[in-house]
Structure formats: structure tokens, C-alpha cells
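Read in order, the letters of the sequence shown are residues 17 to 343 in the working numbering. Cβ coordinates follow ideal geometry from the N, Cα and C atoms, glycine included. Source: prediction; values computed, not measured. Comments concern the structure below.
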Amino acid sequence: MKPSEKVTQAQREILDAVRTYDTIIIHRHIRPDPDAIGSQVGLAELLKNSFPAKRIYSVGSLPDNLSFLAEMNHAEPSDYHNALVIVTDTANEGRIDDNRYRLGQRLIKIDHHPGEDAYAETEWVDPSASSCSEMIANFWLAFPEELKMNAQAARLLYAGIVGDTNRFLYDATSPDTMRTAASLMEQGFSHTEVNHQLTQINSKVAKLTGYVLENLEIRPSGAAQIVLTQETLSRFGLTDADTHSVVPLPGTIEGVTLWGIFVEQEDGVFRCRLRSKGPVINGLAARHDGGGHPLASGANAKDLAEIHQIIAEMDELGANWQERSTQ
Ligand SMILES: [Mn+2]
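Following this line, the structure appears as C-alpha cells:
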């Protein structure tokens, strides 16, 4: 299939808007991951390269562990005057980093999370995409005459795809994902360097990895869980932002089908990262102040009692899954 046959109405609307505005400000979600930064700055670089006269900003706070990917820009409130604002990789309005996104003239959302929260005038939501970065790359492939990719933008988008698929491991990785990634690789950045940067951990996180493997509780249902308290984190000299690399870890253990990593926040509530190799978990996440993908979701627990409730629900999902698998 030629890329032009796959062009959607939303993609056309977005390109029209991009053509129209001289200033484009791109936002994404708080606590960014490589896909948030990759889709945001990858889009910014793609648009800068394609429309050199436009002013294009990427805004939000950037944690140190992702500063190897890109830098954020400083936009003045006055820059939002007559600006187009695009939000990438953010399903819920409350999670948009930098609340000035409303100050622009027009708001567009580009996202791959199953969307319930329609907050923009134009929304392009594709839950079949592995990542928002894959969608941005497909946006380029839909308009190859007008949008000009370069190595810098391709590196960012590739990093986003690698981040959200855990190096093409997760179920959301489709043949289209691989084709899109291949198109990006042809742009001439070092994909091995990006892969190394994304997988590298420091010695503190290495010690936390040991702790997680040592203390993970694996239940007969295939549900596994660990609680990381503030005390534990400070013992390792780490914060919540450093814990993302241990999230895929339980899934590598035989017999584990779904798992939760519960990280105590400074205010005493727990951020819950829920992952699965089969049982659908986003319904569970939605019951606990969260949501996300069928096999990768996030939730919030107000105390240990709610964590126990979440674990009980995971246990049940795991047991049902086992039952169905053995029938
Ligand atoms: Mn994403």
C-alpha cells in the first residue's frame, strides 16, 4: 500500500493547521518517557525542517535521565498569542505538562492511548499504533512531498518507538511498526547508540534491580507485585523518576503473567505501574484513578489498603487467565 492511501482526515486537518500557523508550540505529558519526548521533539524537528520560517517550541520539564534525547525550549506567554498548540502522547487533559496549552488559538491532540478525554478541537487518536512517535513518523510518511525528515527527528521518533515497545517486545509492535522504524533508520542516525542510551542504567538503579528481583512477591495466580517505599528509594539514593527501568523486569520471570510496581510518592500516595502479558488490566487501572493500554496501565492508590485491593483484583485476573489457558 502506498502511504498516500492511508492518509486520514485528521492527518489532513493537522497538516492544514500546521501550514496556517507561524507559531507552533508542542506539549506532552508530565513525568515524560522516551515516547513523550520523542513524539514531541521529533514532531518539532520534523516541522522545523519542513517549514524553516515557522517558530516551533517544545515545552515542559525534562528529567535529567532523558536529557540525552533533546532539550526543551522557553516559550513566553505572549508566544501563545495566535499560536497552534499540539499535545502529543497525552490521553488526559490533567496530565498535560505546562498548563499554558489553553493560551493558544487552536488545540490539537495526537495520541495512541485509547481516548476518553476529548480535550482538543482536532484529535488524531490511533490506539493501534505502538507509540505516539510511530504516529508522528506515519504523519511524515503520509505527506512525503511536504514533510522533510532528517536524522535528528528520526532519532527521536525511533527512540520513542523503542521506549514504548520495550525494544519491539510488546504486543503493540505490529508489522507497520517495524516498517515505520525501518523508514526512520534509513535517515542515518546511530540506532545502536540510541538503544544503548535507552537501556543503560546507573549503579544505583542496578542495585534497585537486584532489590526488586530479590523481593518481588510472585503469587500462584501469576500475579507479581512489589512496593517501593520512600524509605527504600532513599536507601538507594533514588527517586520515583529513576524507577521506570525496573518496570519491565517481573515480566521476564517464568510464570509471571501480570504485575504491579507500587512506588510511594513524597505525599504518601502510591503510583501504580501495571503490566501484563495477557490479562487485560486497563479496566482495573480505571477503577483505581488510572487507565491506559490493555497490557500497560497506570493507577494511583491512596494507601496500602488500596494496594492490597489492587493486588486482590490482579490475583483474580491472573487466576481467570490461568483457567482459560488450561481449558
Ligand atoms: Mn506513548
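Which residue or residues does DSSP assign as beta-bridge partners of residue i?
{"i": "C148", "result": "BP columns for C148 are empty, so no partner."}
{"i": "K6", "result": "This structure leaves residue 6 out entirely; the chain is present only between 17 and 343."}
{"i": "W275", "result": "A240 and R291"}
{"i": "N6", "result": "Residue 6 falls outside the range modelled here, since the chain spans only 17 to 343, and no answer is possible."}
{"i": "H45", "result": "I112"}
{"i": "Y73", "result": "I41"}
{"i": "I234", "result": "A240"}
{"i": "G307", "result": "G314"}
{"i": "E348", "result": "Only positions 17 to 343 of the chain appear in the structure, and residue 348 is not among them; the question remains open."}
If we call anything under 8 Å between Cβ atoms a contact, is residue i one with residue j?
{"i": "L254", "j": "V228", "result": "no"}
{"i": "V296", "j": "R287", "result": "no"}
{"i": "E162", "j": "L63", "result": "no"}
{"i": "Q10", "j": "I327", "result": "Since the displayed the chain opens at 17 and closes at 343, residue 10 lies outside it and no answer follows."}
{"i": "S146", "j": "A198", "result": "no"}
{"i": "G238", "j": "W337", "result": "yes"}
{"i": "R116", "j": "Y96", "result": "yes"}
{"i": "A52", "j": "D105", "result": "yes"}
{"i": "Q121", "j": "N98", "result": "yes"}
{"i": "E150", "j": "T215", "result": "no"}
{"i": "H45", "j": "R111", "result": "yes"}
{"i": "G271", "j": "I234", "result": "yes"}
{"i": "H309", "j": "H129", "result": "yes"}
{"i": "A33", "j": "L100", "result": "yes"}
{"i": "N211", "j": "V178", "result": "yes"}
{"i": "G314", "j": "G306", "result": "yes"}
{"i": "L244", "j": "I277", "result": "yes"}
On a Cα-Cα basis, can you pick out the residue from the options that is closest to residue i?
{"i": "N316", "options": "A69, L123, G284 and H207", "result": "G284"}
{"i": "W275", "options": "L100, A175, A60 and L232", "result": "L232"}
{"i": "S206", "options": "L172, T181 and I42", "result": "L172"}
{"i": "L123", "options": "Y135, D80 and T268", "result": "Y135"}
{"i": "W140", "options": "P48, A26 and F67", "result": "A26"}
{"i": "Q281", "options": "S250, A107, N166 and P130", "result": "S250"}
{"i": "T273", "options": "G334, T342, I72 and V103", "result": "G334"}
{"i": "N154", "options": "E230, R116, F184 and M194", "result": "M194"}
{"i": "Y186", "options": "R71, P50 and R291", "result": "R291"}
{"i": "G131", "options": "E332, C148 and N108", "result": "N108"}
{"i": "S77", "options": "V263, R183 and R47", "result": "R47"}
{"i": "T248", "options": "K318, G226 and T215", "result": "G226"}
{"i": "D49", "options": "A169, C148 and L100", "result": "C148"}
{"i": "N81", "options": "R111, D258, G307 and H212", "result": "D258"}
{"i": "S341", "options": "G294, Q203 and A301", "result": "G294"}
{"i": "S83", "options": "A175, L244, A302 and D180", "result": "A175"}
{"i": "D114", "options": "D127, I126 and P93", "result": "P93"}
{"i": "I102", "options": "P236, I126 and K164", "result": "I126"}
{"i": "M330", "options": "D192, A301 and F67", "result": "A301"}
Beta-carbon within less than 7 Å of residue i's beta-carbon, same chain only, minus the 5 sequence neighbours each way: which residues are those?
{"i": "P19", "result": "Interpretation of P19 is limited by its pLDDT of 43, a score under 50 that renders its predicted location unreliable; the figure taken from the coordinates is listed afterwards. Once the five neighbours on either side are set aside, the close Cβ partners of P19 are L157, A158 and P160."}
{"i": "V200", "result": "The question names Val, but residue 200 is Leu in the sequence shown. For L200, where only same-chain residues beyond five positions count, the Cβ hits under 7 Å are A153, A170, L173 and Y174."}
{"i": "I323", "result": "V243, F278, F286 and A317"}
{"i": "V23", "result": "A158"}
{"i": "A167", "result": "Q203, G204 and F205"}
{"i": "I40", "result": "V34, L63, K70, I72, A99, L100 and I102"}
Can you list, in chain order, the residues of its chain whose CB lies under 6 Å from that of residue i, leaving out five sequence neighbours each side?
{"i": "E29", "result": "T138"}
{"i": "I152", "result": "S55, G58, L59 and L173"}
{"i": "A312", "result": "R291"}
{"i": "R252", "result": "Per the sequence shown, the amino acid found at residue 252 is Phe instead of Arg. Once the five neighbours on either side are set aside, the close Cβ partners of F252 are K220, K223 and L224."}
{"i": "S74", "result": "I42, Q56, V57, A60, M88 and N89"}
Mind checking if residue i is an interface residue toward chain D, Cβ cutoff 8 Å exclusive?
{"i": "N98", "result": "Included in the structure is just one protein chain, with no chain D present."}
Which same chain residues, not among the five before or five after residue i, have their C-beta less than 8 Å away from its C-beta?
{"i": "A69", "result": "D38"}
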